[in-house]
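Residue numbers (our numbering): 49 to 210.
We put the CB at the ideal spot given by N, CA and C, even for glycine.
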Amino acid sequence: MEQIPQEIYDRIATHLGDTGKRPGQSVPHAERAFNRPVLATISRKWQRAIEGRSFRALELRSTELNEFETIMTSARRRYLRVLRYYIILPAYPAGSRQLFERHGDRTTNDEAFSAAMHRLFRIFMTWEDQSSDRPGYFIQLHIHNLYSPTDYRFRSRSYVPT
49 MEQIPQEIYD RIATHLGDTG KRPGQSVPHA ERAFNRPVLA TISRKWQRAI EGRSFRALEL
109 RSTELNEFET IMTSARRRYL RVLRYYIILP AYPAGSRQLF ERHGDRTTND EAFSAAMHRL
169 FRIFMTWEDQ SSDRPGYFIQ LHIHNLYSPT DYRFRSRSYV PT
């Protein structure tokens, strides 16, 4: 099997579908039975093919930056093209829920937003030297759904961004 070119593994991986579902999205029974990441453990060529698909577009919460920094090894970074970033704001006190933000709340949220962005860009800065050998490389960064876990619209269910 190791004589097969990497391009063949990559092509097969494109037909295996995504590794999972988005929150709230139903998944057909046959798809639930298939676990694509397991293929990455078969060989280095399968690992490259599966990780190339799995790390191409990621969704990341600001509360997950430590894990993101750990799993995004230099080998995996080269695959990343699209990052959807969800910034989680601090929880509001019980008496402040469902009310308009006060100046202090806005200041706290602004600081949380800034800290989340700075932390992400500090991680990217550690990648800078390693990506300099690839001119034209870029990552599309999409900032989504700034929210507090105590926001009213998320109170009745455990919110996971889609």
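Could you check if residue i is buried or exposed, using at least 16 other CB atoms within 10 Å of its CB as the buried criterion?
i: Met120; result: buried
i: Ala164; result: buried
i: Leu215; result: Any answer about residue 215 is impossible in this case: the structure gives the chain only from 49 up to 210.
i: Leu137; result: buried
i: Ala61; result: buried
i: Ile52; result: exposed
i: Leu108; result: buried
Return the bridge partner residues of residue i from the DSSP annotation.
i: Glu107; result: Arg132
i: His63; result: Paired residues: none, contrary to the question.
i: Pro188; result: One point to set straight first is that residue 188 is Gln, not Pro, in the sequence displayed. Per DSSP, Val130.
Using beta-carbon positions only, say whether residue i and residue j come within less than 9 Å of one another.
i: Leu113; j: Ile171; result: yes
i: Arg167; j: Ser110; result: yes
i: Arg125; j: Trp175; result: yes
i: Leu189; j: Tyr127; result: no
My guess is that residue i and residue j are in contact by the Cβ rule of under 8 Å, so how many angstroms apart are they, rounded?
i: Ile191; j: Ile135; result: 7 Å
i: Arg96; j: Gln54; result: 6 Å
Between the alpha carbons of residue i and residue j, how many angstroms are there, rounded?
i: Met173; j: Glu117; result: 12 Å
i: Ser91; j: Ser162; result: 41 Å
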